[in-house]
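Novice:
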Ligand code: UD1
Ligand code: UDP
């Protein structure tokens, strides 16, 4: 009897972090029937990742709507997963991280009776409003998951503090490092000839220091994004020897302020979201990164890039503790001041650009699959 797995995801970062797990389960098709269901909470940004990792979903709920809201997205995911779960009847459902897809898919999996496996489990800021609604999403998933795959000892401890049992929490590192190492290798291989990278080469000035920007957090929508854009304008004016490249997230609440406030500044390039390999290529070229992204905070330390985080809290304290990631929030003066320091003070830059791997060694997916093989043996013998 083969064990049935359903891997559910919906947004760009979940896809990047679940793709290596899909590949790892493919190696064990003698033991598992593994199917992929995408909610398509994101569309273009998700499809970019699927195409790079050559993943064809078995179920595509195609749910994204322009400027969607949390109420209808949540109910659409739960309602549309019902027939998928009833048809396939998985033994294990895998969800990732902290998006609306994660939370709604875990609730659906709970209703179906499948075992819920939470990948990237136990991250917490202990502030339900920041990040919003992600802290609630991962707390709800954590409350109902059967198996928790925590990236670090800190995230495991957070779950123990919530009275989860030791034997259902496994520290594996973060699967994002598996995806990153695979992509770095591919991007640096001889045959790699990506159109987006070719285009980036035409817009980058090798004589200027590259500052890479990303941002999308809901709690930064409105005044937060206005502050961020004003800070970037000041940085661009104050440091004409730098080049700011900003792949702008497709959320209209991000597109509008960014294109209105930052268009037509000669050393700021606003571009479309990049495919994962092109973004990895650009991170490697960056002098420093300014972002509110969760995933980028995990990738940058492995590439030795300093990160200024446009948030007041982080659920990823490990790199902050080592000093390669610094929280600057959305305070204009603080963003400008800390960027200036990194651009002008070599010793400050050196201290923040240490290469380290607090989030894993690239074997997270292999470890996750091994734990599931062990767990499914218990499962088979008890049935
Ligand atoms: C979502 C997640 C967030 C995650 C982020 C990663 C929730 C509530 N938010 O935020 O946790 O960090 O993704 O990027 O789960 N859009 C497109 N095309 C795309 C993607 C988005 O046009 O490929 C636009 C649509 O108008 C969509 C809007 O962006 O309605 C918002 O998408 P949504 O997934 O609700 O929020 P994100 O800000 O992307
Ligand atoms: N990323 C990408 N293209 C881009 C910007 C980011 O592929 O133009 C990748 C990045 O390397 C990271 C992930 O997307 O792995 C982060 O996604 P996002 O910031 O949207 O979400 P978060 O991690 O904050 O949930």
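Numbering (the working numbering), first residue to last: -7 to 375.
Idealized CB from N, CA, C, for every residue including glycine.
As the structure is a computational prediction, the values presented were derived from the model and not from experiment.
Could you give the first and the last residue of the continuous alpha helix (DSSP H) run that contains residue 100?
Specialist: For the purposes of this step, residue 100 is identified with residue 108 of the chain shown, where counting begins at 1. Counting along the chain, the alpha helix (DSSP H) containing residue 100 begins and ends at 92 to 104.
Novice: Using three-state DSSP, classify residue 110 as helix, strand or coil.
Specialist: Locating residue 110 in the chain shown gives position 118, where the first residue counts as 1. The answer is strand: DSSP assigns residue 110 an E or B state.
Novice: The ligand UD1 heavy atoms versus the CB of residue 332: any closer than 6 Å?
Specialist: Walking along the chain shown from the start, residue 332 turns up at place 340. No, the beta carbon of residue 332 sits no closer than 6 Å to any heavy atom of the ligand UD1.
Novice: Do you know offhand how far residue 217's Cα is from residue 243's?
Specialist: By one-based count along the chain shown, residue 217 stands at place 225. By one-based count along the chain shown, residue 243 stands at place 251. Cα to Cα, residue 217 sits roughly 12 Å from residue 243.
Novice: Should residue 71 be labelled buried (16 or more other beta-carbon atoms within 10 Å of its own) or exposed?
Specialist: In the chain shown, the residue the question calls residue 71 occupies position 79. By the neighbour-count rule (16 or more Cβ atoms within 10 Å), residue 71 is not buried but exposed.
Novice: Just checking residue 116 against the ligand UDP - is the residue's beta carbon closer than 6 Å to any of the ligand's heavy atoms?
Specialist: Looking up residue 116 in the chain shown gives position 124. Not under cutoff, so the answer is no.
Novice: Under 7 Å between the Cβ atoms of residue 173 and residue 354?
Specialist: Your numbering for residue 173 matches position 181 in the chain shown. Your numbering for residue 354 matches position 362 in the chain shown. In this structure, residue 354 lies closer than 7 Å to residue 173 by Cβ.
Novice: Taking 6 Å as the cut-off, does the CB of residue 268 come closer than this to any heavy atom belonging to the ligand UDP?
Specialist: By one-based count along the chain shown, residue 268 stands at place 276. Because some heavy atom of the ligand UDP lies under 6 Å away, the Cβ of residue 268 counts as near it: yes.
Novice: Do residue 356 and residue 234 have their beta-carbon atoms positioned less than 7 Å apart in this structure?
Specialist: Mapped onto the chain shown, residue 234 falls at position 242. Mapped onto the chain shown, residue 356 falls at position 364. Contact flag unset, no.
Novice: Measuring alpha carbon to alpha carbon, tell me which residue in 8, 10, 31, -4 is nearest residue 23.
Specialist: Stepping through the chain shown from its first residue, residue 23 is reached at position 31. Among 8, 10, 31, -4, the Cα nearest to that of residue 23 belongs to -4.
Novice: Any idea which residues DSSP pairs residue 261 with across the strands?
Specialist: The sequence position of residue 261 within the chain shown is 269, counting from 1. Its beta-bridge partners are 237.
Novice: Are the CB atoms of residue 32 and residue 68 nearer to each other than 7 Å?
Specialist: Here residue 32 refers to the residue found at position 40 when the chain shown is read from its first residue. Here residue 68 refers to the residue found at position 76 when the chain shown is read from its first residue. Not in contact: residue 32 and residue 68 (Cβ atoms no closer than 7 Å).
Novice: Here's a check: name, in chain order, each residue in its chain whose Cβ is nearer than 7 Å to the Cβ of residue 35, leaving out the five neighbours to either side.
Specialist: Along the chain shown, one-based indexing puts residue 35 at 43. Around residue 35: 56.
Novice: When burial is assigned at 16 or more other CB atoms within 10 Å of the CB, is residue 274 buried or exposed?
Specialist: In the chain shown, the residue the question calls residue 274 occupies position 282. Residue 274 is buried by the Cβ-count criterion.
Novice: Any idea what DSSP makes of residue 281, helix, strand or coil?
Specialist: Start at 1 with the first residue of the chain shown, and residue 281 comes out as number 289. Strand, per DSSP.
Novice: Excluding the five sequence neighbours on either side, which residues of its own chain have a C-beta within less than 8 Å of the C-beta of residue 138, listed in chain order?
Specialist: Walking along the chain shown from the start, residue 138 turns up at place 146. 107, 108, 109, 160.
Novice: Between residue 343 and the ligand UD1, is there a pair consisting of the residue's CB and a ligand heavy atom that are separated by less than 6 Å?
Specialist: Along the chain shown, read from residue 1 onward, the residue named residue 343 stands at position 351. For the ligand UD1, not one heavy atom lies less than 6 Å from the Cβ of residue 343.
Novice: Compute the Euclidean distance between the alpha carbons of residue 241 and residue 264, then round it to the nearest angstrom.
Specialist: Translated into the one-based positions of the chain shown, residue 241 becomes position 249. Translated into the one-based positions of the chain shown, residue 264 becomes position 272. If you take the alpha carbons of residue 241 and residue 264, they lie about 7 Å apart.
Novice: Anyone know if the C-beta pair for residue 126 and residue 120 falls short of 7 Å?
Specialist: Position 134 of the chain shown, counted from the first residue, corresponds to residue 126. Position 128 of the chain shown, counted from the first residue, corresponds to residue 120. Cβ distance not < 7 Å, so residue 126 and residue 120 don't count as in contact.
Novice: Would you call the segment 318 to 329 and the segment 206 to 223 touching, i.e. three or more CB-CB distances under 8 Å?
Specialist: yes
Novice: Please report the distance separating the alpha-carbon of residue 86 from that of residue 306.
Specialist: For the purposes of this step, residue 86 is identified with residue 94 of the chain shown, where counting begins at 1. For the purposes of this step, residue 306 is identified with residue 314 of the chain shown, where counting begins at 1. Rounded to the nearest angstrom, the two C-alpha atoms are 24 Å apart.
Novice: Looking at C-alpha atoms only, which residue of 157, 58, 297, 360 is the closest neighbour of residue 346?
Specialist: Residue 346 sits at position 354 when you count from the first residue of the chain shown. Answer by Cα proximity: 297.
Novice: Hey, which unbroken runs of the beta strand (DSSP E) at 3 residues or more fall wholly within the segment 111 to 179?
Specialist: 139 to 142, 161 to 163
Novice: How is residue 52 classed by DSSP in three states: helix, strand or coil?
Specialist: Sequence index remark: in the chain shown, residue 52 carries index 60 (1-based). Strand.
Novice: Below 7 Å between beta carbons: does that hold for residue 317 and residue 299?
Specialist: Numbered from its first residue, the chain shown carries residue 317 at position 325. Numbered from its first residue, the chain shown carries residue 299 at position 307. Yes, the Cβ-Cβ distance between residue 317 and residue 299 is below 7 Å.
Novice: Helix, strand or coil for residue 200? Go by DSSP, reduced to three states.
Specialist: As a first step, residue 200 is located in the chain shown; it is residue number 208 there, counting from the start. Note: residue 200 maps to coil in three-state DSSP.
Novice: Would you say residue 303 touches the ligand UDP, meaning its beta carbon is less than 6 Å from a heavy atom?
Specialist: Locating residue 303 in the chain shown gives position 311, where the first residue counts as 1. Checking every heavy atom of the ligand UDP against the Cβ of residue 303, none is found closer than 6 Å.
Novice: Between which two residues does the alpha helix (DSSP H) holding residue 299 run?
Specialist: The residue given as residue 299 occupies position 307 in the chain shown. Not the alpha helix (DSSP H): residue 299 falls in the beta strand (DSSP E), residues 299 to 301.
Novice: Between residue 341 and the rest of its own chain, which residues show a CB-CB distance below 6 Å, the 5 nearest in sequence each way excluded?
Specialist: Translated into positions along the chain shown, residue 341 becomes position 349. The answer, listed in chain order, is 334.
Novice: Return the chain-ordered list of same chain residues with a C-beta closer than 7 Å to the C-beta of residue 47, the five sequence neighbours on each side being excluded.
Specialist: Residue numbering aside, residue 47 sits at position 55 when the chain shown is read from its first letter. Hits under 7 Å: 11, 14, 28.
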